[in-house]
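J.: Before we start, here is the structure in question, set down as structure tokens.
2 protein chains.
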Amino acid sequence: MEKELLTEEKIAEAAREVFIEKGMNGARMQEIADKAGINKSLLHYYFRTKEKLFAFIFSKLIHRIGDRLENLMQEGVSIEDKVKGYVELYIDILLKNPFLPNFILNEVTRNPDAIFEGFAAAKINPQKFFAPLENQLKAEGYNIDPRDFVINILSMVIFPLAGRPILEHIVFNGDKKAYKDYILSRKKSIVEFVMFALEGYKKLEVRD
Amino acid sequence: MEKELLTEEKIAEAAREVFIEKGMNGARMQEIADKAGINKSLLHYYFRTKEKLFAFIFSKLIHRIGDRLENLMQEGVSIEDKVKGYVELYIDILLKNPFLPNFILNEVTRNPDAIFEGFAAAKINPQKFFAPLENQLKAEGYNIDPRDFVINILSMVIFPLAGRPILEHIVFNGDKKAYKDYILSRKKSIVEFVMFALEGYKKLEVRD
DNA sequence: GTCTATATGGCGATAGAC
DNA sequence: GTCTATCGCCATATAGAC
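The following block contains the structure:
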């Protein structure tokens, strides 16, 4: 039926917004129903329980993130350009979805089971990601642990956005524009910081 | 009364644990009461409502963190040693309190009002912190924005611990010991990474 | 101050008409 | 498929005895 897909889509979109903003515990079925412009009992008609609805939304979200990471490892692009591309892409995404990083970090620690299902469904294979990266790093002379490389960049991109209220209030005295400008400036400064660091790893012995 | 202080202290400790692990929304007054070894209604006798109890705990927590940061800016210690000291201290603290970073990031985004009260009470003054740091960085020849310096280090320390379940499962295939060893190894590798990067900033023009 | 018992409200979920 | 009405539970909060 036409209506089926449409309504389910409206529910999914509303649920996605509410869950991300309020978390599993804080979200209310009523609020999701309101935002979807339908009745509360219709939610249960489509997704029997709140937990099932949450699992559905969460797994779709993880899936999308996994896909984005895969796309990152195209060949023929220098490390520096990959860093630049990654940093710019994710800062933009996270600026548009300010609740996303906290949501994922949080649900994943409070409800670890969701990980096994969600990530398994997304078929994320770290080895497929780290092996070629390690090769490329070595080929360009950077003798750094690829895990450090990836995690440090992820950290510097995500943390200041996950900690937005803290930074905004403490470092920028509540000035939202100053905060946003600073985050945008990090598109350049993170790349600079990373490439400076990588320069140091050129001097190191190859280690494995 | 003797009993008053003792009971209040037991409640505070229990509430702290439960709130940090489950968050404001996930925490249950019953669980706090059980953990404190008292009756549920006694909680309300001491702290009229759950919200008031939460605010009390949260503000105390922020206060302690603020104090720790202040202590960090002692004179007569090189940048490298400060980085080393900070990284080691906080990795140890966060390993012992695995739910802490998520708790703070989360409550602070979901309930931004708590920030104003909590941080205001803790009388955190960023200028008092950044100004001497900037001086020292310049004095040692590192022409880096002190905000980048601080935020990058904070990011690299906190993020891998806030994202523990993700790293543990995806990068280390569920091997908890491998994850913990890796985090401990970061005590050295973060300092290395930062100092390599700082080397690059030595070549830059002084900018202000 | 500390307990037992209970009120009160909210939320997830279901029944049933249309 | 979509709605209204309602159930049943659970969590916060209060009343009142001791």
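Note that the protein sequences, when read in sequence, are chains B and V.
Under the numbering used here, the first residue of the first sequence is numbered 31, with each subsequent residue one higher.
Under the numbering used here, the first residue of the second sequence is numbered 31, with each subsequent residue one higher.
Beta carbons are placed, not taken as given, at the ideal position from N, Cα and C, and that holds for glycine.
#1: At a CB distance below 9 Å, what residues from the segment 106 to 124 of chain B approach chain V? Give them in sequence order.
#2: So is Ser219/V in contact with chain B if we call contact Cβ pairs under 8 Å?
#3: Determine whether the beta carbon atoms of Ile174/B and Leu102/B lie at a separation below 8 Å.
#4: Please go through the same chain and pick out, in chain order, the residues whose beta-carbon is closer than 6 Å to the beta-carbon of Met186/V, but skip the five residues on each side of it.
#5: Between which residues of its own chain and Lys206/B is the CB-CB distance below 7 Å, once the five residues before and five after are set aside?
#6: Measure the alpha-carbon distance for Asp211/B versus Arg194/B and round it to whole angstroms.
#7: Does any residue of chain V bring its CB to less than 8 Å from the CB of Tyr75/B?
#8: Of the choices Tyr76/V, Lys52/V, Glu118/V, whose alpha-carbon is the least far from that of Ser215/V?
#9: Would you list, in sequence order, the uninterrupted alpha helix (DSSP H) runs of no fewer than 4 residues that lie entirely inside the segment 65 to 153 of chain V?
#10: DSSP on Ile200/V, reduced to helix/strand/coil?
#11: What's the gap between the Cα of Lys65/B and the Cα of Arg58/B?
#12: If we ignore side chains and look at the alpha-carbon of each, how far apart do Leu163/V and Glu34/V end up?
#13: What residues from chain B crowd round Ser185/V, counting only those whose CB sits closer than 7 Å?
#14: Just to confirm, does Glu61/V get its C-beta within under 7 Å of one of the non-hydrogen atoms of the ligand SAM?
#15: Which residues bound the alpha helix (DSSP H) around Gly230/B?
#16: Does any residue of chain V have a CB that is nearer than 8 Å to the CB of Asn55/B?
#17: How close, in whole Å, do the beta carbons of Ile62/V and Leu73/V come, if the pair is a contact with beta carbons under 8 Å?
#18: From what residue to what residue does the alpha helix (DSSP H) around Asp175/B run?
#19: Alpha carbons only, please: which of Leu191/V, Glu38/V, Val113/V, Ile196/V is nearest the one belonging to Asn15/V?
#20: Closer than 7 Å by beta-carbon distance: list the chain B residues that pair up with Ala42/V, in chain order.
#21: Is the distance from the Cβ of Gly67/V to the Cβ of Lys40/V below 8 Å?
#22: Just to make sure I have the definition right: I need the residues of chain B whose C-beta is within less than 8 Å of the C-beta of Asp239/V. Which are they?
#23: Counting only the same chain and skipping the five closest in sequence on each side, list residues whose C-beta sits under 6 Å from that of Gln60/V.
#24: For Ala227/V, return the contacting residues in chain B, with the cut-off set at a CB-CB distance below 7 Å.
#25: What does Pro195/B touch in chain V if you count any residue whose Cβ is under 8 Å from its own?
#26: Counting only beta-carbon separations shorter than 8 Å, does Phe84/B have a partner in chain V?
#27: Using a C-beta to C-beta distance shorter than 9 Å, which residues of chain B count as neighbours of Val201/V?
#28: Hey, how far is the Cα of Lys158/V from the Cα of Glu51/B?
#29: For Gly204/V, count the other beta carbons within 10 Å of its own beta carbon; 16 or more makes it buried, fewer makes it exposed. Which is it?
#30: Taking all protein chains shown into account, do 16 or more other C-beta atoms lie within 10 angstroms of the C-beta of Ala169/V, making it buried, or fewer, making it exposed?
#31: What is the DSSP secondary structure of Gly193/B, counted as helix, strand or coil?
#32: Counting along the chain, where does the alpha helix (DSSP H) carrying Asn165/V start and finish?
#33: Anyone know if the C-beta pair for Asn136/B and Asn136/V falls short of 8 Å?
#34: With a cut-off of 8 Å on the beta carbons, I'd call Asp178/V and Phe179/B a contact; round off their distance for me.
#35: For Leu36/B and Phe49/B, what's the separation of their Cα atoms in angstroms?
#36: Cβ closer than 7 Å: which chain V residues qualify as neighbours of Asn132/B?
T.: So, from the listed chains and residues:
#1: Under the 9 Å Cβ criterion, the segment 106 to 124 of chain B contributes no residue.
#2: Taking the first residue of the second sequence as position 1, residue 219/V is located at position 189. So yes, Ser219/V belongs to the interface.
#3: Within the first sequence, the letter at position 144 stands for residue 174/B. Within the first sequence, the letter at position 72 stands for residue 102/B. No. Outside cutoff.
#4: Looking up residue 186/V in the second sequence gives position 156. Answer for Met186/V: Ile220, listed in chain order.
#5: Sequence index remark: in the first sequence, residue 206/B carries index 176 (1-based). Result list for Lys206/B: Glu198, in chain order.
#6: The count along the first sequence starts at 1 and reaches residue 211/B at position 181. The count along the first sequence starts at 1 and reaches residue 194/B at position 164. When rounded, the distance between both Cα atoms is 12 Å.
#7: If you number the first sequence from 1, residue 75/B lands on position 45. With a threshold of 8 Å between beta carbons, Tyr75/B makes no contact with chain V.
#8: On the second sequence, residue 215/V is found 185 positions in, with the first residue counted as 1. Here the closest residue by C-alpha is Glu118/V.
#9: List check, alpha helix (DSSP H) in window: 70 to 76, 80 to 101, 109 to 126, 130 to 140, 143 to 151.
#10: Numbered from its first residue, the second sequence carries residue 200/V at position 170. DSSP, reduced to helix, strand and coil, places Ile200/V within a helical segment of the structure shown.
#11: Your numbering for residue 65/B matches position 35 in the first sequence. Your numbering for residue 58/B matches position 28 in the first sequence. Distance from the CA of Lys65/B to the CA of Arg58/B, rounded to the nearest whole angstrom, comes to 11 Å.
#12: As a working note, residue 163/V is residue 133 in the second sequence. As a working note, residue 34/V is residue 4 in the second sequence. Distance between the alpha carbons of Leu163/V and Glu34/V: 44 Å.
#13: Residue numbering aside, residue 185/V sits at position 155 when the second sequence is read from its first letter. Result: Ser185, Met186, Phe189, Pro190.
#14: This structure lacks the ligand SAM, and indeed carries no ligand of any kind.
#15: The residue labelled residue 230/B in the question sits at position 200 within the first sequence. DSSP places Gly230/B inside the alpha helix (DSSP H), whose first and last residues are 206 to 232.
#16: For the purposes of this step, residue 55/B is taken as residue 25 along the first sequence, with counting starting at 1. For Asn55/B, the answer is yes, since a Cβ of chain V falls inside 8 Å of its Cβ.
#17: Your numbering for residue 62/V matches position 32 in the second sequence. Your numbering for residue 73/V matches position 43 in the second sequence. With a Cβ gap of about 6 Å, Ile62/V and Leu73/V count as contacting.
#18: Taking the first residue of the first sequence as position 1, residue 175/B is located at position 145. Neither: Asp175/B is in no alpha helix (DSSP H) and is coded neither H nor E.
#19: Because chain V in this structure spans residues 31 to 238, residue 15/V falls outside the shown range and cannot be described.
#20: Counting from 1 along the second sequence, the entry for residue 42/V is found at position 12. Residues of chain B passing the Cβ test: none, with the nearest at roughly 22 Å.
#21: In the second sequence, the residue the question calls residue 67/V occupies position 37. In the second sequence, the residue the question calls residue 40/V occupies position 10. The answer is yes: Cβ separation under 8 Å.
#22: Because chain V here runs from 31 to 238, residue 239/V falls outside it and cannot be looked at.
#23: As a first step, residue 60/V must be located in the second sequence, where it is residue number 30. Leaving aside the five residues that flank Gln60/V on each side, the residues in its chain whose CB is nearer than 6 Å to its CB run, in chain order, Lys70.
#24: Sequence index remark: in the second sequence, residue 227/V carries index 197 (1-based). For Ala227/V, the neighbours in chain B by C-beta distance under 7 Å run, in chain order, Phe223, Phe226, Ala227.
#25: Numbered from 1 along the first sequence, position 165 holds the residue referred to as residue 195/B. By Cβ distance, chain V contributes Val138, Thr139, Pro142, Ile145.
#26: Translated into the one-based positions of the first sequence, residue 84/B becomes position 54. So, not an interface residue.
#27: Numbered from 1 along the second sequence, position 171 holds the residue referred to as residue 201/V. Result: Pro156, Phe160, Arg177, Val180, Ile181.
#28: Working through the second sequence from its first residue, we reach residue 158/V at position 128. Working through the first sequence from its first residue, we reach residue 51/B at position 21. The alpha-carbon atoms of Lys158/V and Glu51/B are separated by roughly 34 Å.
#29: Here residue 204/V refers to the residue found at position 174 when the second sequence is read from its first residue. With fewer than 16 other Cβ atoms within 10 Å, it is exposed.
#30: The sequence position of residue 169/V within the second sequence is 139, counting from 1. The C-beta of Ala169/V has fewer than 16 other C-beta atoms within 10 Å across all chains shown, which makes the residue exposed.
#31: On the first sequence, residue 193/B is found 163 positions in, with the first residue counted as 1. Correct three-state label for Gly193/B: coil.
#32: Residue numbering aside, residue 165/V sits at position 135 when the second sequence is read from its first letter. Per DSSP, the continuous alpha helix (DSSP H) segment holding Asn165/V begins and ends at 156 to 169.
#33: Here residue 136/B corresponds to residue number 106 of the first sequence, with the count starting at 1. Here residue 136/V corresponds to residue number 106 of the second sequence, with the count starting at 1. Yes, the Cβ-Cβ distance between Asn136/B and Asn136/V is below 8 Å.
#34: As a position in the second sequence, residue 178/V is number 148, starting the count at 1. As a position in the first sequence, residue 179/B is number 149, starting the count at 1. That belief does not hold up - the Cβ atoms of Asp178/V and Phe179/B are roughly 18 Å apart, past 8 Å.
#35: Position 6 of the first sequence, counted from the first residue, corresponds to residue 36/B. Position 19 of the first sequence, counted from the first residue, corresponds to residue 49/B. Here the alpha carbons of Phe49/B and Leu36/B stand approximately 20 Å from one another.
#36: As a first step, residue 132/B is located in the first sequence; it is residue number 102 there, counting from the start. What Asn132/B touches in chain V: Leu135, Asn136, Thr139.
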